[in-house]
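Please read the structure below before turning to the comments.
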Amino acid sequence: MNSQYPSTFIQKYPTKLAFLIDCANGLNSFGLSTRFIDNFPSNSDIFLFYPNNEPEMNRRLKRIESSNHGVFFFPTSEYGITCNLAFLLGQINDKYNAFILITNYQPAYEDLCHQLLNNNEQLKNHIQIRFFEHIHEFEQFLKEMTRLQNDNKTNRKMVISYSRKHLFHSCPFETKDESTILYRLGEFLHHLDTEHTDVHYDYCMECQKLSENPNIDDIHALEEHVHDKHWQANGFHVNIRSS
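Residues 14 to 256 in my numbering are what the sequence shown lists, from first letter to last.
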């Protein structure tokens with residue numbers, strides 16, 4: 014079985030990505046089509062897991078074709094997706110350089126990722142689990158991942174801008190060889206706090222002031238402030254400076 018992975022489409026790329034997508038729980042599969050597949054990075058293969066008791070989903074997904082990516086189909090029982098996804102990941106973990114699991118969070122996946130990291134240290138910072146409520150969020154993620162694959166990062170950006178149209182960013186202090194993980198705003202700030210303690214950042218004095226207070230009125234004020242001044246306006250601008 015392993016001989017067909019990676020696909021011939023991506024053999025020429027030194028870095029190869031694998032997207033393992035749970036079409037029942039990780040993503041609304043109605044948005045997946047042959048045209049949408051073109052959004053995936055050119056160096057990626059796509060693995061689709063879906064329940065075989067939904068004929069409409071089966072027909073729709075089977076119509077997907079690609080002349081640039083390997084697209085592999087795994088129909089299974091609704092409750093067998095987790096086992097099948099985990100089994101395949103165990104089979105191909107040495108065939109690709111990075112793995113993106115699109116699925117609802119389950120402890121079993123966390124355990125599997127930890128096991129893979131223990132067996133292959135090169136996968137550190139190259140496995141991530143993602144869930145998307147809307148297909149346009151997934152599309153943003155794919156565009157940022159493509160941008161990362163094409164980015165040599167000779168210059169580090171000192172201002173990272175998050176908005177409704179730009180929900181994900183890679184870490185400016187890590188190359189694509191060091192990490193393929195993309196971060197939402199909160200994840201990115203936590204990453205800086207834990208992995209890059211020698212840098213400082215600020216993003217909004219009003220946000221920081223309101224978030225420091227546990228008062229319920231301040232929490233509501235923070236929610237309103239974030240909605241009105243950031244997501245409905247100019248987003249968040251994280252200013253980074255070295256110590």
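Ideal Cβ placement from N, Cα and C applies to all residues, glycine included.
- C-alpha of F32 to C-alpha of L136: approximately 14 Å in a straight line.
- Contact between the stretch 144–164 and the stretch 176–195 is present: three or more C-beta pairs spanning the two stretches fall below 8 Å.
- Using a 10 angstroms sphere on the CB of N56, the tally of other CB atoms reaches 16 or more, which defines it as buried.
- Counting along the chain, F112 sits inside the beta strand (DSSP E) bounded by residues A111 to I115.
- Membership of Q135 in any beta strand (DSSP E) is not indicated, and neither H nor E is assigned to it by DSSP.
- Remark: C-beta atoms of T89 and P68 do not approach each other more closely than 8 Å.
- The residue among N247, D241 and R143 with its C-alpha nearest the C-alpha of Y118 is R143.
- As the crow flies, the alpha-carbon of K29 is around 43 Å from that of K222.
- Going by DSSP, H203 is part of the alpha helix (DSSP H) stretching over L198 to E208.
- Two segments are said to touch when three or more pairs of C-beta atoms, one from each, lie closer than 8 Å; by this definition the stretch 69–79 touches the stretch 44–60.
- In the three-state DSSP reduction, S79 falls in the coil class, being neither helix nor strand.
- By a beta-carbon distance limit of 8 Å, F154 contacts L195. Their separation comes to about 6 Å.
- Contact check for F85 against F60 passes: the beta carbons are separated by less than 8 Å.
- Going by C-alpha positions, F87 is about 5 Å away from F62.
- Looking from the CA of I140, the closest CA among E191, T159 and P185 belongs to E191.
- For a cut-off of 8 Å, the C-beta gap from L235 to C217 is around 10 Å, too long to register as a contact.
- Secondary structure at F62: strand, using DSSP grouped into helix, strand and coil.
- Judged by their CB atoms, L125 and A99 are nearer to each other than the 8 Å cut-off.
- Comparing C-alpha distances from L114 to each of F186, I173 and D35 shows the shortest one belongs to D35.
- Looking at G83, H233, Y122 and D107, the one whose alpha-carbon comes closest to that of I94 is Y122.
- Taking all protein chains in view, the Cβ of T116 is crowded by 16 or more other Cβ atoms within 10 Å, so the residue is classified as buried.
- Between K108 and P19, the CB-CB gap stays under 8 Å.
- When secondary structure is reduced to three states using DSSP, R254 falls in the strand class.
- Rounded to the nearest angstrom, the gap between the Cα atoms of D58 and N252 is 35 Å.
- If you compare the alpha carbons of N106, I105, T193 and S42 with that of K75, the shortest gap goes to S42.
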